[in-house]
Amino acid sequence: MNILIPALIAAVTFVMGFLLHKILIAREIRGAEVEADRIVSDAKRESETIRREALLEGRDTISRERADSLEKLQERRTNLDRKENQTASESERLGILREKLQDKKKTIDNRETGLSEMENSLQAKHNRMNKLMEEQNKLLEQIASLSREDARKLMLSNLEEELHHEAGRLTRKILEAAENKAEEEALKVLSTAIQRCAADHVVENCVSVVNLPSDDMKGRIIGREGRNIRAFEAAANVDVIIDDTPEAVVISCFDPVRREIARQSLEKLLDDGRIHPGRIESTVAKVASEMEKKIRKLGNQLALDANVSGLHQQLIRHLGRLRYRTSYGQNMYQHSLETAHICGLLASELKLDAALARRIGLLHDIGKATDQDIEGSHAIVGMELAQRYEESPLVCNAIGAHHEEIDCDSLYGIIIQAADSVSSARPGARRETLELYVRRLHKLESIADSFDGVKKSYAIQAGRELRIAVRPETVDDDAAAELARIVARKIESEMQYPGQIKVTVIRETRSSETAH
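Numbering of the sequence shown is given in the working numbering, commencing with residue 3 and proceeding in unit increments.
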């Protein structure tokens, strides 16, 4: 019994110790699991913190590099613009000096011509005096040996010749008086017509300004590495100028139609917010289609304002294009309307068909709305257009004769000449410098278009650069380089211009495939 009790106590103690040990081990395991969870959670938080810090640091680095790149790009563009302005100023100065030298040369040539003419006139008078003296001497010799009857006949002959001279002089006076009277009547008719006609004139520039919501949009217009601005210039065929002007970009192009399409396209892109090469091409194409509809609407409105009906739709289209054409700074749309009204009023004063005269006045400059590829003066081209679209022979002849390139078949040719001169010669109606500038740009493009393989050419940078797009299947890389050289030489031989003209040949190959 004494032995059993200690054994029982020992067994109970062993069991309790075993249970206590197991409980302690379980508690240690739970503590270890909690610690492990804490360590894992701390590690996750620390890794997330490190990742966020790295991301913020990367964004800051990218922002700094982008700002540095934009700053360097802007600085480079500013330097290029400054150099370009310096070059343009120098070219302008040289052009002025050249014009002064040419004026002096013309003055000297005119003086030499005047002296030569004076010398010839004096020599002719001297020869005539010698001849008269010889004739008088011969006459005296004849009189000395003449009979009375012969002397009487000679006197009557001289008297008859003198009377003929007097009659001619009197006839000239009568004709001059009649001409003066006719001129007074013509001026009276013109004054009456002008006082009854009034029209506004719009002088177009060669640049359009597009306002931006903020200067940040300039970077989006330029695009990464300039891809957007290059795509826009290629699609719209214009020159986009981005400088230090706040919240504005400038679109430069001598063709007002292309410039207006580019302006509207850029405004639509800015409103839409999506600016990338694909979107640029589709937007420009859509605006060009809308512009064609607007041109037809303008043509119909012009015909309505001039009270002319029954025109062919192609003539209506050409009339609408006159809204974007100028001559010496005078808008051809308003000029045609004004000329039509003046023609109608002149015809009414002369008791002629006013409706026919208005029709001729409206269509007289239709040749200026054709493409530059069509050769010939605008009067002849306009006459051919009128013939093609079945206008009457009177209308066609008056259009072709309004610059006296062909003979007039009726009084309507004289009326259109007078009305065109009245509208053009009005003080302030025209400005010569813009017309000369546009002619020079048209000449540049026509030289490039005369070569085989040329798809299209564009004169940009105020005529200081000529870009030529060629057909890649016709012109290879070697031929493109040779074409640039030949065009440059032809420009040098056929044109006079200040400074330099850069000729750039663009050969672009595109490949596309549709995934189904």
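A virtual CB, placed ideally from N, CA and C, is assigned to each residue, including glycine.
- With respect to the 8 Å criterion, residue 209 and residue 252 are classified as neighbours on the basis of their beta carbons.
- Using a Cβ distance threshold of 8 Å, residue 248 and residue 274 do not count as a contacting pair.
- In its chain, beyond the 5 residues on either side, 279 and 282 have a beta carbon closer than 6 Å to the beta carbon of residue 233.
- Residue 108 and residue 100 have their C-alpha atoms some 12 Å from each other.
- Assigned with DSSP and collapsed to three states, residue 349 falls in helix.
- Looking at the DSSP output, residue 458 shares a beta bridge with 471.
- The Cβ atoms of residue 507 and residue 490 do not sit closer than 8 Å to each other.
- Secondary structure at residue 250: strand, using DSSP grouped into helix, strand and coil.
- By the Cβ neighbour-count rule, residue 497 is exposed, with fewer than 16 other Cβ atoms within 10 Å of its own.
- Going by C-alpha positions, residue 474 is about 6 Å away from residue 509.
- Bridge partners of residue 240 according to DSSP: none are assigned.
- Here DSSP, grouped into helix, strand and coil, assigns residue 36 to helix.
- Residue 324 places its beta carbon 8 Å or farther from that of residue 311.
- Look at residue 408 here: in three-state DSSP terms it is coil, with no helix or strand label.
- Straight-line measurement puts the Cα of residue 391 at about 6 Å from the Cα of residue 314.
- Proximity of the region 381 to 399 to the region 344 to 353 falls short of the contact definition, fewer than three beta-carbon pairs being nearer than 8 Å.
- Under the DSSP assignment, residue 210 falls in the beta strand (DSSP E) whose first and last residues are 209 to 213.
- Rounded to the nearest whole angstrom, the C-alpha separation of residue 67 and residue 54 is 20 Å.
- Between residue 401 and residue 421, the C-beta gap is not smaller than 8 Å, which leaves the two residues out of contact.
- In the three-state reduction of the DSSP assignment, residue 303 falls in the helix class, which pools H, G and I.
- Here residue 242 is buried, its C-beta having at least 16 other C-beta atoms within 10 Å.
- It is roughly 41 Å from the alpha-carbon of residue 211 to the alpha-carbon of residue 393.
- Excluding sequence positions up to five before and after residue 303, its CB lies less than 6 Å from no other CB in the same chain.
- The three-state reading of DSSP puts residue 230 in helix, counting H, G and I together.
- Comparing alpha-carbon positions, the option among 403, 213 and 326 lying closest to residue 272 turns out to be 213.
- Boundaries cannot be given for residue 370, as no beta strand (DSSP E) includes it and DSSP labels it neither H nor E.
- Scanning 455, 344, 445 and 407 for the CA closest to the CA of residue 426 turns up 344.
- Take residue 240, set aside five residues on each side of it, and the residues of its chain with a beta-carbon closer than 7 Å to its own are 253, 254, 255, 260, 261 and 264, in chain order.
- Secondary structure note for residue 397: its alpha helix (DSSP H) is the uninterrupted segment 395 to 403.
- Cβ contact annotation for residue 455 (same chain, cutoff 6 Å, sequence separation greater than five): 472, 473, 476 and 477, in chain order.
- Rounded to the nearest whole angstrom, the CA to CA distance from residue 488 to residue 395 is 44 Å.
- The beta carbon of residue 408 sits closer than 6 Å to those of 402, all from its chain and outside the five residues before and after it, given in chain order.
- A direct Cα-Cα distance of roughly 11 Å separates residue 354 from residue 360.
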